[in-house]
Amino acid sequence: MPITSRRANIWRALFLCLLPWLPAAVVADELADLLGEAERFNPGIQAASWRVEQALLKHQELLEFLDPTWQGAIGKSETIRSVPGTVAYSSLASNSREIQAGVQIPIPAGAYVTLGSALRILDDEGDSDYLYQTLYGVKVRIPLLRDRAFRNLSISRAQALAEYNGAVAALLRDNQLLRRDVELAYVSAYETLSSYRVTQAATERFLALLNETKELCRLKVVPDYQINQALLELQIGREDEEKARNRLELNLVSLARIIGVDRAVALSIAPEQFFAQALQTPVLTGVPLELACHGRGSFLEVLNAMKVARLQMDGALEESKDDVSLNFGVTWLGEGEDSFFQSKTITTDHHLGGEVTIAWSRALDYRGPRARQARFQARVHELTEHLRSLTVDIRAEIRNAELNYQAAMARLELVNQGIAAAQDTVAAEQERFRLGESTSKNVTDAQKNLTTILQRQTTAAADLLRARANYLYAIGYREEAVRPAAPDELP
C-alpha cells in the first residue's frame with residue numbers, strides 16, 4: 006500500500022537543496038558497480054554458476070544412451086546349446102571356432118537395431134574336416150511395455166532438465182541474497198559515514214565552545230571552572246569520533262568481504278547527498294503474494310526439486326512394468342569348404358533366414374520399485390510442506406518490511422520536526438552563555454541534544470532504505486513494486 010508523509014519539512018529542505026549538485030544516477034551507478042563487481046568476484050556466486058554448468062552438462066551427458074555399442078566375441082565350442090532366457094548374448098554355434106562382431110544402434114523412435122557378422126569354422130561337418138561359414142544379420146528389438154519409445158531416457162532427461170532449472174533457481178537465490186546483503190552493507194556504510202561526519206561536527210562545536218569559554222573566562226564574564234565542562238565534552242566527543250571512524254572502516258571491510266574483493270571499498274558520495282538521492286523513490290506498492298513467491302529463487306528451487314521427485318516417481322513406476330519386446334531379424338549365411346566369404350549352401354538349402362519373436366520377462370517381486378515410489382512420494386510431501394513454510398516466511402518478510410518502512414517514515418518525520426528546535430536551542434544557550442546568563446554545561450547539553458537528533462535522523466533514513474531493500478528482496482526484486490514518489494510523499 007502507498008506510504009506517504011504529511012508535508013515537506015526540514016529534512017526535505019536540507020537534502021533536496023543538494024540535488025542540483027548531484028547527478029540523478031550517481032547513487033544507482035555506484036551501487037550498480039558494486040553489485041556488478043560482487044557478481045563477478047563473489048565466491049559463492051561463482052560456485053553456484055559452476056553448479057549450473059554441471060547440471061547443464063548432465064542433461065547433455067544423457068544423450069550417450071543413443072551412442073552405438075560395439076560387441077565382439079571369440080571362442081570354441083563343443084556340443085553347445087543356447088540357454089533359454091539368456092540376455093544380451095547368444096551362444097556360439099556347436100562344435101565350432103568362431104569370431105563374432107556387431108554393433109547395436111538405438112533409434113530415437115524407440116527401437117534397437119543390431120548389425121552383426123560372424124566367421125565360423127565347423128569341425129567334422131558333412132564330408133569335410135572343416136566347413137567355413139560366413140554369417141551376416143540384422144535384428145530389431147522394440148520395447149512394447151517397459152521403456153516404450155525409450156521412456157526411461159525421456160524421464161532421465163526431464164529430470165536432468167528439472168535439476169538444471171533447480172540449479173538456476175539456486176543461483177538466482179544466491180544472487181538475490183547477495184544483492185540484499187550488498188545493499189544493506191552499502192546503506193550501513195553510508196550510515197556510519199554520516200554518523201562519523203556528525204560526530205566530527207559535534208567535536209568542532211565542542212572545540213569552538215572551549216575556545217569561547219576560555220576567552221570569556223579571560224574577560225571575567227564567566228568563572229574559570231566553566232572550562233572544565235567544555236573540555237570534558239570535547240574529550241568525550243573526540244572518543245565518540247574515533248569510535249565512529251572505526252565503525253566506518255569496519256563497515257567498509259564488511260562490504261568488501263560481501264562483494265568478494267580484497268581491496269578497500271571507497272564511498273564517493275557525501276552522506277547528505279546519498280540519502281537525498283536514495284530517498285527520491287520511497288513509495289512501495291503492493292505485489293500479490295503468488296507473484297512474490299514465484300520471484301524468489303528459494304521458492305523456485307523447491308518447485309523444481311518437487312518436479313525432480315515426481316519424475317523419479319515416474320521412473321520407479323516404469324521399473325515396475327513387465328519387459329515385453331518385439332524382436333525380428335534377417336540373416337544371410339554363406340558356406341565354403343576352402344575359405345570364408347563363399348556363398349555355397351552345404352548344410353542348409355537357403356542363404357536367407359528370419360525370425361519374429363515376442364519376449365517377456367518380469368521380476369518375481371517389485372519390492373524395490375514400490376519402495377522407491379513410496380520414498381519419492383514422501384519426498385514430494387516433504388517439499389510441499391517446505392513450500393508452505395516458504396510462503397509463510399515470504400508473507401512475514403513482506404509484512405515486516407512494510408511495517409519497518411512505515412515506522413521509519415514516521416520516525417523520520419518526527420525527528421525532522423525536532424531538528425530546528427534543537428538548532429534554535431543551541432543558538433539560544435550559546436547567546437545566554439556569552440552574556441553570562443548560562444553555563445557551559447547548558448550549552449554542551451544543547452549541543453549533545455542536537456548531535457543526538459542528527460544521529461537519529463541518519464538512523465531513521467538508513468532504516469527506511471534498509472526496509473525498502475528488504476521489501477524488494479521479499480518480493481523477488483520485482484522493480485515495478487517501487488514507483489517514484491509524488492512531491493508531497495517525500496520525507
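Residues are numbered in my numbering as their position in the sequence shown, beginning at 1, plus a constant of 5. Positions of the beta carbon are idealized from the N, C-alpha and C atoms, including for glycine. Please read all numbers here as calculations on a predicted model, not as lab measurements.
task = Give the secondary structure of serine 122 by DSSP, where H, G and I count as helix, E and B as strand, and everything else as coil.
result = strand
task = Within its chain, find whatever has a CB closer than 7 Å to the CB of glutamine 231; leave out the 5 residues flanking it on each side and keep chain order.
result = Thr218, Cys222, Thr444 and Ser445
query = Is the stretch 134-145 touching the stretch 446-456, taking contact as three or more C-beta pairs under 8 Å?
reply = no
message = If you measure between the beta carbons of proline 111 and proline 73, is that distance less than 9 Å?
response = yes
request  = Could you pull the start and end residues of the beta strand (DSSP E) that glycine 320 belongs to?
outcome  = Careful: glycine 320 lies outside any beta strand (DSSP E), inside the alpha helix (DSSP H) at 302-324.
request  = Flag this pair as yes or no: are the beta carbons of asparagine 405 and asparagine 475 separated by less than 9 Å?
outcome  = yes
task = Grab me the residues of glutamine 347's own chain with a C-beta within less than 8 Å of its C-beta, minus the 5 sequence neighbours each way, in chain order.
result = Tyr137, Thr139, Gly339, Glu340 and Gly341
query = Looking at C-beta atoms only, is the number of pairs between the stretch 54-69 and the stretch 147-166 that lie closer than 8 Å three or more?
reply = yes
In DSSP terms, what arginine 439 is bridged to = Note: arginine 439 sits in no beta bridge, so no partner.
inquiry  = Tell me whether the stretch 407-416 and the stretch 454-473 touch, counting them as touching only if at least three CB pairs, one residue from each stretch, are closer than 8 Å.
reply    = yes
ask   = With a CB to CB cut of under 6 Å and the five nearest residues on each side skipped, what residues in its chain are close to arginine 483?
value = Val292 and Gly300
key: Residue nearest to arginine 372 in terms of C-alpha spacing, selected from Ala190, Leu289, Ala321 and Asp267   = Ala321
request  = Provide the residue span of the beta strand (DSSP E) that contains glutamate 340, from first to last.
outcome  = Where glutamate 340 is concerned, the enclosing beta strand (DSSP E) stretches over 328-341.
Buried or exposed (CB count within 10 angstroms, at least 16 for buried), glutamine 164 = It is buried - the Cβ of glutamine 164 has at least 16 other Cβ atoms within 10 Å.
message = Just to confirm the assignment, what range does the alpha helix (DSSP H) spanning glutamine 76 have?
response = From DSSP, glutamine 76 is part of no alpha helix (DSSP H) but of the beta strand (DSSP E) over 74-82.
request  = Return the CA-CA distance between aspartate 245 and threonine 208, expressed in angstroms with no decimal places.
outcome  = 9 Å
message = Does the stretch 228-243 come into contact with the stretch 253-272, if we say contact requires no fewer than three beta-carbon pairs (one atom in each stretch) closer than 8 Å?
response = no
request  = Grab me the residues of phenylalanine 381's own chain with a C-beta within less than 8 Å of its C-beta, minus the 5 sequence neighbours each way, in chain order.
outcome  = The beta carbon of phenylalanine 381 sits closer than 8 Å to those of Ala314, Arg315, Gln317, Met318 and Ala321, all from its chain and outside the five residues before and after it, given in chain order.
task = Let me know the secondary structure DSSP gives aspartate 370 once reduced to three states.
result = coil
key: Residue interval of the alpha helix (DSSP H) (run including serine 101)   = It is not in any alpha helix (DSSP H) - serine 101 instead sits in the beta strand (DSSP E) that spans 101-112.
query = For alanine 29, which residues from the same chain have a beta carbon less than 6 Å from its beta carbon, with the 5 sequence-adjacent residues on both sides left out?
reply = In this prediction, alanine 29 scores a pLDDT of 38, lower than 50, which makes its location untrustworthy; no coordinate-derived value is stated.
ask   = For leucine 140, which of helix, strand or coil comes out of DSSP?
value = strand
key: Residue(s) in a DSSP beta bridge with isoleucine 147   = DSSP lists Leu331 as partners of isoleucine 147.
inquiry  = In this structure, how does DSSP classify isoleucine 8 when only helix, strand and coil are distinguished?
reply    = Summary for isoleucine 8: the model assigns pLDDT 35, below 50, so the residue's position carries little reliability; its value from the coordinates is reported in the next sentence. In the structure shown, isoleucine 8 sits in coil (DSSP, three-state: anything other than H, G, I, E or B).
query = For glutamate 247, which option in Lys225, Asp229, Glu196 and Gln205 has the closest C-alpha, if you only look at C-alpha atoms?
reply = Checking every option, the nearest Cα to that of glutamate 247 belongs to Gln205.
query = What are the boundary residues of the alpha helix (DSSP H) that threonine 449 is part of?
reply = 445-479 is the span of the alpha helix (DSSP H), which, as asked, contains threonine 449.
ask   = If we ignore side chains and look at the alpha-carbon of each, how far apart do alanine 275 and glutamate 44 end up?
value = 26 Å
request  = Look up leucine 357 in the DSSP assignment and give the residues it is bridged to.
outcome  = Trp337
key: Where the alpha helix (DSSP H) containing alanine 275 begins and where it ends   = Unbroken run through alanine 275: none, as it is neither H nor E.
inquiry  = With distance defined between alpha-carbon atoms, name the residue in Ile399, Ser366, Ala426 and Leu272 nearest to arginine 151.
reply    = Ser366
key: Host alpha helix (DSSP H) of tyrosine 201 (start-end)   = 156-223
query = For the putative contact between aspartate 186 and alanine 53, defined by C-beta atoms under 8 Å, what is the C-beta separation to the nearest angstrom?
reply = About 14 Å; that fails the 8 Å criterion.
Local Cβ density within 10 Å of lysine 81, reported as buried at 16 or more and exposed below that = The residue in question, lysine 81, is exposed, as its Cβ has fewer than 16 Cβ neighbours within 10 Å.
request  = Determine the burial state of glycine 358: buried for a count of at least 16 other Cβ atoms within 10 Å of its Cβ, exposed for fewer.
outcome  = exposed
ask   = Once you ignore the five residues that flank valine 57 on each side, which residues in its own chain have a CB closer than 6 Å to its CB?
value = Ala172, Val173 and Leu176
Glycine 41, buried or exposed, once every other Cβ within 10 Å from all chains shown has been counted against 16 = exposed
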